[in-house]
Amino acid sequence: MAPARSRWSWRGMVEDDAIFKWLLLVPALIFMVALVIYPTVFAVVTSFQKYILPRPATFAGLENWRWVVNDAAFWSAFLTTVKFVVIAVGVELVLGTLIALFLNREFRGQTVIRGLCILPLVAAPFATSLAWRHLYNSDYGVINYVLQAIGLPRVEFLADSSIALYSVIAIDVWQWTPLVIFVVFAALRGLPKEPFEAAKIDGASAWFTFRRLTLPMIKPVLLIVAMLRMVEAFRVYDILYGTTRGGPGTSTETINWLIFREGFQYFDLGRATAMSVLVLLIVLVLTNLLFQQLIKAIRAN
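Position one of the sequence shown corresponds to residue 1 (our numbering), numbered consecutively onward.
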């Protein structure tokens, strides 16, 4: 007589649907714990410690948090970051939507233009920033060469504190607008044709059709892109490292650059992680607000 099969054998676990479903989730759970949950918990714990390398960490209570809240440099960097996010993401959404509407029309050479639009996304952000640093150069940069050729004075794009941040924003807009273009273009391609044909028969103008039909239908997609770009823009670092490195002065010093300076130049991991956790909380609140608007837009459609 064959021995009874163990209830907890691997074959029995695979044959049990409930257990098998959990087994499939194990790799994802391990990945999440290792790369998301553990680093987050470690950062929160470190934010309550006085941890200046190479000295060992000691419990400091709310000392780091009090320092962050009362630090003028943090709030200056925070306002710079907000300015960067609002302008960059806003321009990318508007410009990307307009270009997507243009590409949604039928015209000669549309395939070539669509292919060219994706090129900025192919380049690495750091490599892009290095290329733009040379383009902005006041001595041999192409942009200043063109300005001089048409009779305009040279511009210190990265050395003038009044325009340095906008020069960095222009790099971000150049690289990430194609993402908005192709996401919105895909959304436009998926829209039903009947409402637009009916509006055309009724004599509706192009602006009326866009405002009353197109925009409400693609609003969920725009909110998703805005959410993704907002989170990414808050983390801006590569562009700054390749161009201004927070300068001139502190005119382009964002939160991420301040955290880098505090953690990897001054080696104060306690204060750096306190700033990181605070920024994480702020981003979570903003993301939640956008997510609520997304739910409303989906229900409206």
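A virtual CB, placed ideally from N, CA and C, is assigned to each residue, including glycine. What you are looking at is a predicted structure, and each value in this text was computed from that prediction instead of being measured.
Assign residue i to one of two classes, buried (16 or more other C-beta atoms within 10 Å of its C-beta) or exposed (fewer than that).
{"i": "M1", "result": "The predicted position of M1 is uncertain, since its pLDDT is 47 and thus under 50; a value taken from the coordinates is nonetheless stated next. Answer is exposed; the Cβ neighbour count stays below 16."}
{"i": "G242", "result": "buried"}
{"i": "R299", "result": "exposed"}
{"i": "I113", "result": "exposed"}
{"i": "Q148", "result": "exposed"}
{"i": "P178", "result": "buried"}
{"i": "D202", "result": "exposed"}
{"i": "S167", "result": "buried"}
{"i": "Q175", "result": "buried"}
{"i": "N301", "result": "exposed"}
{"i": "N70", "result": "exposed"}
{"i": "G263", "result": "buried"}
{"i": "G246", "result": "buried"}
{"i": "E92", "result": "buried"}
{"i": "V68", "result": "buried"}
Based on DSSP bridge pairs, tell me the residues matched to residue i.
{"i": "F107", "result": "The partner list for F107 (beta bridge, DSSP) is empty, contrary to what the question assumes."}
{"i": "F59", "result": "Q49"}
{"i": "D268", "result": "I52"}
What are the boundary residues of the alpha helix (DSSP H) that residue i is part of?
{"i": "G141", "result": "Looking at the DSSP string, G141 is not in any alpha helix (DSSP H), and its letter there is neither H nor E."}
{"i": "A198", "result": "194-201"}
{"i": "R189", "result": "164-189"}
{"i": "A233", "result": "215-234"}
{"i": "A127", "result": "125-136"}
{"i": "A206", "result": "206-209"}
{"i": "D160", "result": "First-last for D160: undefined, no H or E at that position."}
{"i": "P120", "result": "119-122"}
{"i": "L240", "result": "238-242"}
With a Cβ-Cβ cutoff of 8 Å, do residue i and residue j count as a contact?
{"i": "V236", "j": "D172", "result": "yes"}
{"i": "V184", "j": "T58", "result": "no"}
{"i": "A170", "j": "S251", "result": "no"}
{"i": "I314", "j": "F126", "result": "In the structure displayed, the chain extends from 1 to 301; residue 314 sits before or after that span and is not available."}
{"i": "L258", "j": "A73", "result": "yes"}
{"i": "F234", "j": "V85", "result": "yes"}
{"i": "I239", "j": "S76", "result": "no"}
{"i": "A199", "j": "L213", "result": "yes"}
{"i": "L152", "j": "I143", "result": "no"}
{"i": "L119", "j": "L269", "result": "no"}
{"i": "A60", "j": "K50", "result": "yes"}
{"i": "M217", "j": "V89", "result": "no"}
{"i": "E253", "j": "T40", "result": "no"}
{"i": "I37", "j": "C117", "result": "no"}
{"i": "L188", "j": "A131", "result": "no"}
{"i": "T244", "j": "L121", "result": "no"}
Between residue i and chain C, is any beta-carbon pair separated by less than 8 Å?
{"i": "P120", "result": "Looking at the structure shown, chain C is missing, and only one protein chain is on hand."}
For the pair the stretch 137-148 and the stretch 214-222, tell me if three or more CB-CB distances fall below 8 Å. no
Counting pairs of Cβ atoms below 8 Å between the stretch 93-112 and the stretch 274-291, do you hit three or more? Between the stretch 93-112 and the stretch 274-291, the count of Cβ pairs shorter than 8 Å is below three; the stretches do not touch.
With contact counted as at least three CB pairs below 8 Å, one residue from each stretch, are the stretch 37-46 and the stretch 267-275 in contact? yes
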